[in-house]
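*Asks:* 171 is the number that the working numbering gives to position 170 of the sequence shown; each next residue is one higher, with no gaps. Ideal Cβ placement from N, Cα and C applies to all residues, glycine included.
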Amino acid sequence: MKKLSSSQIRQMYLDFFKEKGHSIEPSASLVPVDDPSLLWINSGVATMKKYFEGRVVPENPRLTSSQKSIRTNDIENVGKTARHQTLFEMLGNFSVGDYFKKEAIPWAWEFMTGPKWMAFDPEKLYITVYPKDKVAKEVWLKTGVKPDHILEDEDNFWDIGEGPSGPDSEIFYDRGQKFNNVAEDDPENYPGGENERYLEIWNIVFSEFNHKPDGTYEPLPHKNIDTGMGLERLVSVVQETKTNFETDLFMPIIRATEQMSDGKRYGVDKTADISFKVIADHARAVTFAIGDGALPSNEGRGYVLRRLIRRATVHGKKLGINEAFLYKLVPIVGEIMESYYPEVLAQKDYIAKIIKSEEDRFNNTLTDGLKLLDKQIKAAKKANEQTLPGKTVFMLFDTFGFPFDLTKEYAADEGLQVDEAGFNAEMQQQKDRARAARSQDNGMGVQNGLLLDVKVPSKFIGWDHLEKDDAKLTLLVANDKIVEQVTTGEAQLIFDETPFYAEMGGQVADHGDIFDQAGHKVATVTDVQHAPNGQNLHTVDVLAPMTKDATYQLKVDPAFRQAVSRNHTATHLLDQALRDVLGEHVHQAGSLVEPDYLRFDFTHAGQTTPEELKQIEQIINEKIWAALPINWVVTDIESAKKMGAIAIFTEKYGKEVRVVSIGDYSREFDGGTHANNTAELGLFKFTGETGIGAGVRRVEAVTGKAAFDYMTQRENWLQATASLVKAPQLQNVVGKVEQLQEQLKQAEKQIESLQAKAAQQQAANIFQNVQTINDVTLVAEQVNVADMNQLRQLADDWKQKAVSDVLVLGTIVGEKVNLIAAVTKDGIAKGIKAGDLIKAIAPKVGGGGGGRPDMAQAGGKNPAGMADALQAAQTFLQGK
Numbered sequence: 002m003k004k005l006s007s008s009q010i011r012q013m014y015l016d017f018f019k020e021k022g023h024s025i026e027p028s029a030s031l032v033p034v035d036d037p038s039l040l041w042i043n044s045g046v047a048t049m050k051k052y053f054e055g056r057v058v059p060e061n062p063r064l065t066s067s068q069k070s071i072r073t074n075d076i077e078n079v080g081k082t083a084r085h086q087t088l089f090e091m092l093g094n095f096s097v098g099d100y101f102k103k104e105a106i107p108w109a110w111e112f113m114t115g116p117k118w119m120a121f122d123p124e125k126l127y128i129t130v131y132p133k134d135k136v137a138k139e140v141w142l143k144t145g146v147k148p149d150h151i152l153e154d155e156d157n158f159w160d161i162g163e164g165p166s167g168p169d170s171e172i173f174y175d176r177g178q179k180f181n182n183v184a185e186d187d188p189e190n191y192p193g194g195e196n197e198r199y200l201e202i203w204n205i206v207f208s209e210f211n212h213k214p215d216g217t218y219e220p221l222p223h224k225n226i227d228t229g230m231g232l233e234r235l236v237s238v239v240q241e242t243k244t245n246f247e248t249d250l251f252m253p254i255i256r257a258t259e260q261m262s263d264g265k266r267y268g269v270d271k272t273a274d275i276s277f278k279v280i281a282d283h284a285r286a287v288t289f290a291i292g293d294g295a296l297p298s299n300e301g302r303g304y305v306l307r308r309l310i311r312r313a314t315v316h317g318k319k320l321g322i323n324e325a326f327l328y329k330l331v332p333i334v335g336e337i338m339e340s341y342y343p344e345v346l347a348q349k350d351y352i353a354k355i356i357k358s359e360e361d362r363f364n365n366t367l368t369d370g371l372k373l374l375d376k377q378i379k380a381a382k383k384a385n386e387q388t389l390p391g392k393t394v395f396m397l398f399d400t401f402g403f404p405f406d407l408t409k410e411y412a413a414d415e416g417l418q419v420d421e422a423g424f425n426a427e428m429q430q431q432k433d434r435a436r437a438a439r440s441q442d443n444g445m446g447v448q449n450g451l452l453l454d455v456k457v458p459s460k461f462i463g464w465d466h467l468e469k470d471d472a473k474l475t476l477l478v479a480n481d482k483i484v485e486q487v488t489t490g491e492a493q494l495i496f497d498e499t500p501f502y503a504e505m506g507g508q509v510a511d512h513g514d515i516f517d518q519a520g521h522k523v524a525t526v527t528d529v530q531h532a533p534n535g536q537n538l539h540t541v542d543v544l545a546p547m548t549k550d551a552t553y554q555l556k557v558d559p560a561f562r563q564a565v566s567r568n569h570t571a572t573h574l575l576d577q578a579l580r581d582v583l584g585e586h587v588h589q590a591g592s593l594v595e596p597d598y599l600r601f602d603f604t605h606a607g608q609t610t611p612e613e614l615k616q617i618e619q620i621i622n623e624k625i626w627a628a629l630p631i632n633w634v635v636t637d638i639e640s641a642k643k644m645g646a647i648a649i650f651t652e653k654y655g656k657e658v659r660v661v662s663i664g665d666y667s668r669e670f671d672g673g674t675h676a677n678n679t680a681e682l683g684l685f686k687f688t689g690e691t692g693i694g695a696g697v698r699r700v701e702a703v704t705g706k707a708a709f710d711y712m713t714q715r716e717n718w719l720q721a722t723a724s725l726v727k728a729p730q731l732q733n734v735v736g737k738v739e740q741l742q743e744q745l746k747q748a749e750k751q752i753e754s755l756q757a758k759a760a761q762q763q764a765a766n767i768f769q770n771v772q773t774i775n776d777v778t779l780v781a782e783q784v785n786v787a788d789m790n791q792l793r794q795l796a797d798d799w800k801q802k803a804v805s806d807v808l809v810l811g812t813i814v815g816e817k818v819n820l821i822a823a824v825t826k827d828g829i830a831k832g833i834k835a836g837d838l839i840k841a842i843a844p845k846v847g848g849g850g851g852g853r854p855d856m857a858q859a860g861g862k863n864p865a866g867m868a869d870a871l872q873a874a875q876t877f878l879q880g881k
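(1) For the alpha helix (DSSP H) holding Asp169, just list the boundary residues, first then last.
(2) Using a Cβ-Cβ cut-off of 7 Å (strictly less than) and excluding sequence neighbours within five positions of Ala606, which residues of its own chain qualify?
(3) Grouping DSSP H, G and I as helix and E and B as strand, with all else coil, what is Phe650?
(4) Grouping DSSP H, G and I as helix and E and B as strand, with all else coil, what is Asp249?
(5) Name the DSSP bridge partner or partners of Gln858?
(6) Assign Tyr267 to buried or exposed, taking buried as 16 or more other Cβ atoms, counted over all protein chains shown, within 10 Å of its Cβ.
(7) Can you give me the Cβ contacts of Ala532 inside the same chain, cut-off strictly under 6 Å, excluding the 5 residues immediately before and after it?
(8) Quick one: grab the DSSP three-state call for Trp110.
(9) Which one of Glu504, Lys473 and Gly507 has the shortest CA to CA distance from Leu494?
(10) Decide if Leu725 is buried, meaning its Cβ has at least 16 other Cβ atoms within 10 Å, or exposed.
(11) So, Lys941 versus Met91, is the Cβ gap smaller than 8 Å?
(12) Can you tell me where the beta strand (DSSP E) holding Lys224 begins and where it ends?
(13) Taking only three categories from DSSP, how would you classify Ile161?
(14) If I measure Cβ to Cβ from Ala646 and keep anything under 7 Å in the same chain, skipping five residues before and after, which residues do I get?
(15) So what's Met2 in DSSP terms, helix, strand or just coil?
(16) State the Cα-Cα distance for the pair Asp442 and Lys213, rounded to the nearest angstrom.
(17) Roughly how many angstroms lie between the CA atoms of Gln86 and Ile202, to the nearest whole one?
(18) Take Leu5 and list the residues in its own chain whose beta-carbon comes closer than 6 Å to its own, dropping the five residues that flank it on each side.
(19) Considering just the uninterrupted stretch of the alpha helix (DSSP H) at His569, what are its terminal residues?
(20) If you draw a straight line from the alpha carbon of Gly194 to that of Ala109, how long is it in whole angstroms?
(21) When you compare the segment 30-44 with the segment 14-21, are there three or more beta-carbon pairs, one atom per stretch, that lie closer than 8 Å?
(22) Out of Ala757, Val784, Asn775 and Lys758, point me to the one whose CA is closest to Gly767's CA.
(23) Round the Cβ separation of Ala524 and Leu544 to the nearest angstrom and send it over; I've been treating them as touching at under 8 Å.
(24) According to DSSP, is Phe685 part of a helix, a strand, or is it coil?
(25) Touch check for the segment 35-42 and the segment 373-393: three-plus C-beta pairs under 8 Å?
(26) With 16 as the cutoff for other CB atoms within 10 Å, does Asp806 come out buried or exposed?
(27) What is the DSSP secondary structure of Asp16, counted as helix, strand or coil?
(28) Measure how close the beta-carbons of Thr65 and Ile25 come, nearest whole angstrom, since I'm counting them as under 8 Å.
(29) Quick one: using the 10 Å Cβ neighbour count with 16 as the cut-off for buried, is Pro596 buried or exposed?
(30) How many angstroms separate the CA atom of Phe173 from the CA atom of Thr408?
(31) Please classify Val735: is it buried, with 16 or more other beta-carbons within 10 angstroms of its beta-carbon, or exposed?
(32) Would the segment 670-689 and the segment 469-484 be scored as touching if the rule is three or more Cβ pairs under 8 Å?
(33) At what residues does the beta strand (DSSP E) containing Met91 begin and finish?
(34) With a threshold of 8 Å on Cβ separation, who are the neighbours of Gly231 within its own chain once the five nearest residues in sequence on each side are excluded?
(35) In whole angstroms, what is the alpha-carbon distance linking Gln12 and Thr48?
(36) In this structure, does DSSP put Ile631 in helix, strand or coil?
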């Protein structure tokens, strides 16, 4: 076995499969794109779903990747087990309908044992297979694996419900007796058992069945290979470490944390080691997640980030670190991963800023949480209780980020236990709520083979042409069947050449019409999407019979295309202007380009201010007025990067890319249609800005005629306002409105003054009407005042004058009733409480209320019940 660094192992794996004809897929963003079933990218195959489901046929059916992934379903185990991480890298090789067991198995063995590659000792490798998978076992034997190193295991079948499934084969590495944590005769002492000696390092899934909704299995139209090997686990074997954490992927982070602690060192104390591991793991996870556009918040993936940062902060305090520190580890993470993820160091300042802000906020919250925990412990002791309630422990966990173990530790120091069962019940309820809130489609869709094998060529000519006079209809689909002719209804069509743009990258598909050679309209094009093999698949409403292999005239709606193209160009200007004003951390998180407006989503912490929006708008319009030329070129991806072209970080690109340049201002990878010159846009205007998720903002805008209409509408409103406020010219409107506001303010003050005087006059009369009931004096009257504030003012006057023991006042304002009750100290001593009194009388006016013993108030919606409410006050006192 060779001595290799983590970077060398990762690259060796990718190089091996590249030699076997695989295309290396770059590690995708941790934030899933167009997949609501996933909170995070949690495996290598998660980025390949479109291929395995058959929605898209890859350019090369052989793929390999080292995919960063996040899993947080059992976060509490991080730091306590040898190999549990929230962020990890999954090495994988994939075959989409190409090779299968006879190739995948020998290649795996060659990579693990070949002298050019990992050079593992074959004697230390064990294989598990599904008992019914005789082919896999036979191939392993032919590959050279000894029979006594192959074990059959019923668990070797990969199945997550509906969708692709099949047997799998796992490779285990024997780390030797020194790592064994079970007895020799323990039934778990075997490869695949619960032990530390035999370590699973690779799983090869032979995806060959569709698991149908009725529970049966049918062969897949195309059999696939899906493998997964955790880089961290493989590195621990190569570097011969006890756990993943002693490898070069984690130790630099741990050493940096040691320097910030109060003298603690890793490997000395088991409790401190857990904290070191948690911090190292969470530092990696939050660094990569924030770098990919996620931000801390109270929901979704933002909540996961917040929880990770808070857990790390708490464990930092256990190491004696009492200030923000996690952000200081970002550059360390970046340096470790630089060879494959250079973007982390490029964004380190932004990532550190976000983490530090969250740490500072939590450190303040943590102080409050500790105070609350101390209060709960004292209360439990005072009541002679031995256990903290599960709800209390969960509240500390959920609101303040206190891990269960931390609360348990604090409680134990005070001689108390915690209600673990109650805590787990609360935790399960939260998980159930979260699961119900997410889409239940967490698996992979059933593979549809209808269009997978359709490889008829289809060329898009719409860059330069909006019409095609003799397009040959090469494929016709109706009612989910490939047919020769269709007479009416909806159908999907593929032509040998087409000017119709297929929806992609946020730009909507072209609309238009299809004519026969006699010029008669035979269909309306309502949508265009890419078929699995890349052809433009036209969805049409058929108006007259259409036949396969016949030729037709295709005509794109030119006004629709031009409007969409202008708005697409505007999104490129917007993308660059956002970075100019807000910072380079801004990433596109989605877009929609329609003919009448555009929508653009981007990552950014905090609201975009009106001043920033004005600045962005100004920049874009200046580029429009500068009449910048728009050009595009097709080149290889490396040349495009050298040109300075910006790639959307959630997209994957082929060998050749199209680069669109807008003067010298913007240069992006892009596959959409554009204006020829920015001057065609005419005008750019924002119409809205809002937040749509944790750290994601959305702006909407219009250009050209739509922008002119938008501005004209607002001018019309302004003209109408000028007329209403009698402003002679538009520029006088603001001053006129300010003058009216001041006049209104003065008038409101006069009204308040008059109402106060009127209330005082009423008080002089109503305070004379004192009743005595059961030795309790009462004033109960209806008054004519404006609101509850004035009722409270009358109650204050009553209190100062010591008129009676109890006061009940009511007023009717429109269809609403306000009631107030007040009781003196003497009244309270006689057993009268304002809160009880108001609850007794409020139902008479169709309302409810409450308050303190000395003051309470209520509202209602039944003015007719006012007299009954006042009478009920007397009845209430008679019952005392």
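*Replies:* Taking the geometry as given:
(1) Not the alpha helix (DSSP H): Asp169 falls in the beta strand (DSSP E), residues Gly164 to Asp175.
(2) The residues are Leu296, Ile355 and Gly696.
(3) Note that Phe650 scores a pLDDT of 48, beneath 50, so its modelled location is shaky; the value from the coordinates is reported in the next line. Three-state DSSP puts Phe650 in coil, outside helix and strand.
(4) Looking at Asp249 - three-state DSSP - the assignment turns out to be coil, as it is neither helix nor strand.
(5) The beta-bridge partner set that DSSP reports for Gln858 consists of Ile821 and Gly851.
(6) Residue burial is scored here from C-beta neighbours: Tyr267 has at least 16 other C-beta atoms within 10 angstroms and is therefore classed as buried.
(7) Taken in chain order, the residues that qualify are Leu452 and Leu538.
(8) Assignment of Trp110 by DSSP, reduced to helix, strand and coil, places it in the helix class.
(9) Among Glu504, Lys473 and Gly507, the Cα nearest to that of Leu494 belongs to Lys473.
(10) Answer is exposed; the Cβ neighbour count stays below 16.
(11) Any question about residue 941 goes unanswered here, given that the chain covers just 2 to 881.
(12) That run of the beta strand (DSSP E) goes Tyr218 to Gly231.
(13) Reduced to three states, the DSSP call for Ile161 is coil.
(14) These residues qualify, in order along the chain: Val660, Arg668, Glu669 and Phe670.
(15) Looking at Met2 - three-state DSSP - the assignment turns out to be coil, as it is neither helix nor strand.
(16) With a pLDDT of 38 at Asp442, under the threshold of 50, the modelled position of that residue is not reliable, and no figure is offered here.
(17) If you draw a straight line from the Cα of Gln86 to the Cα of Ile202, it is about 15 Å long.
(18) Excluding positions up to five away in sequence, the list reads Val239.
(19) Its alpha helix (DSSP H) spans residues Pro559 to Leu583.
(20) C-alpha separation (whole angstroms): 22 Å.
(21) The answer is no - the segment 14-21 does not touch the segment 30-44, with fewer than three Cβ pairs under 8 Å.
(22) According to the sequence provided, residue 767 is Ile. The question's Gly does not apply to it. The shortest Cα separation from Ile767 among Ala757, Val784, Asn775 and Lys758 belongs to Val784.
(23) That pair is a contact at about 6 Å.
(24) Looking at Phe685 - three-state DSSP - the assignment turns out to be strand.
(25) No, the segment 35-42 does not touch the segment 373-393.
(26) Flag for Asp806 reads buried.
(27) Note: Asp16 maps to helix in three-state DSSP.
(28) Between Ile25 and Thr65 the Cβ distance is about 6 Å, and since that is below 8 Å, they are a contact.
(29) That one is buried.
(30) Distance between the alpha carbons of Phe173 and Thr408 is about 38 Å.
(31) When all chains shown are included, Val735 counts as exposed.
(32) Between the segment 670-689 and the segment 469-484, the count of C-beta pairs closer than 8 Å stays below three; the two stretches do not touch.
(33) Counting along the chain, Met91 sits inside the beta strand (DSSP E) bounded by residues Leu88 to Val97.
(34) The beta carbon of Gly231 is closer than 8 Å to those of Arg84, Phe89, Glu90, Met91, Leu92 and Ile202 in its chain, skipping five residues each way along the sequence.
(35) C-alpha separation (whole angstroms): 20 Å.
(36) Reduced to three states, the DSSP call for Ile631 is strand.
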